[in-house]
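Engineer: Below you'll find the structure I mean.
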Amino acid sequence: MEFPLLLLLFFSLFFNATSHMLLLKNNTSPFPCNFLFGTSSSSYQFEGAFLSDGKGLSNWDVFTHKPGTIMDGSNGDIAVDHYRRYQEDVDLMQFLGANTYRFSLSWARILPSKKISISLEKTLINQSS
Numbered sequence: 047m048e049f050p051l052l053l054l055l056f057f058s059l060f061f062n063a064t065s066h067m068l069l070l071k072n073n074t075s076p077f078p079c080n081f082l083f084g085t086s087s088s089s090y091q092f093e094g095a096f097l098s099d100g101k102g103l104s105n106w107d108v109f110t111h112k113p114g115t116i117m118d119g120s121n122g123d124i125a126v127d128h129y130r131r132y133q134e135d136v137d138l139m140q141f142l143g144a145n146t147y148r149f150s151l152s153w154a155r156i157l158p159s160k161k162i163s164i165s166l167e168k169t170l171i172n173q174s175s
């Protein structure tokens, strides 16, 4: 099974297991018992796994690998390595009491070599002053 499918399956199981976590706890918080506490991530800063499992190049991959574009020469090749460490990360989220997680995946991982072309018809826009 490919990584994105495994990831989606994993997170659907994670949310089913933890969706009522706050409801079951003794609510001594000023937040309602059904309040959602969550975390989020951004693919380039979070994923890592540069070119792993067939991932293509993203604009950021190309940009950060050009000498002189980033002052200290850093890039997202490893980042926080969520691609390989997601189980630990989800354990930490659960430990913190988070019951929602918004994540993003790099389009270069989803469509590694496909080019999407969109053709737009020319449109005349009349603007009045």
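First residue of the sequence shown? That's 47 in the numbering used here, and the numbers climb one at a time after it. Even glycine gets a Cβ: it sits at the ideal position worked out from N, Cα and C. Please read all numbers here as calculations on a predicted model, not as lab measurements.
Using C-beta distances below 7 Å, list every residue in its chain close to Ala144, excluding the 5 sequence neighbours before and after it, in chain order.
Structural biologist: So the qualifying residues of the chain are Phe83, Gly84 and Thr85.
Engineer: Under three-state DSSP, which class holds Thr74?
Structural biologist: Coil.
Engineer: Considering Thr85, what are the terminal residues of the beta strand (DSSP E) in which it resides?
Structural biologist: Start and end: Gly84 to Ser86.
Engineer: What whole-angstrom Cβ distance do Ser87 and Phe149 have, given they're in contact under 8 Å?
Structural biologist: Yes, they are in contact, since the Cβ atoms of Ser87 and Phe149 sit about 5 Å apart, within 8 Å.
Engineer: Quick check on the burial criterion: 16 or more other C-beta atoms within 10 angstroms. Buried or exposed for Ser104?
Structural biologist: Buried is the call here.
Engineer: Just list the residues that DSSP pairs Tyr129 with in beta bridges.
Structural biologist: DSSP output for Tyr129 lists no bridge partner at all.
Engineer: Under DSSP, the beta strand (DSSP E) around Thr146 begins and ends at which residues?
Structural biologist: Looking at the DSSP string, the run of the beta strand (DSSP E) that includes Thr146 is Thr146 to Arg148.
Engineer: I need the straight-line Cα distance from Met117 to Phe81, nearest angstrom please.
Structural biologist: One C-alpha to the other measures close to 42 Å.
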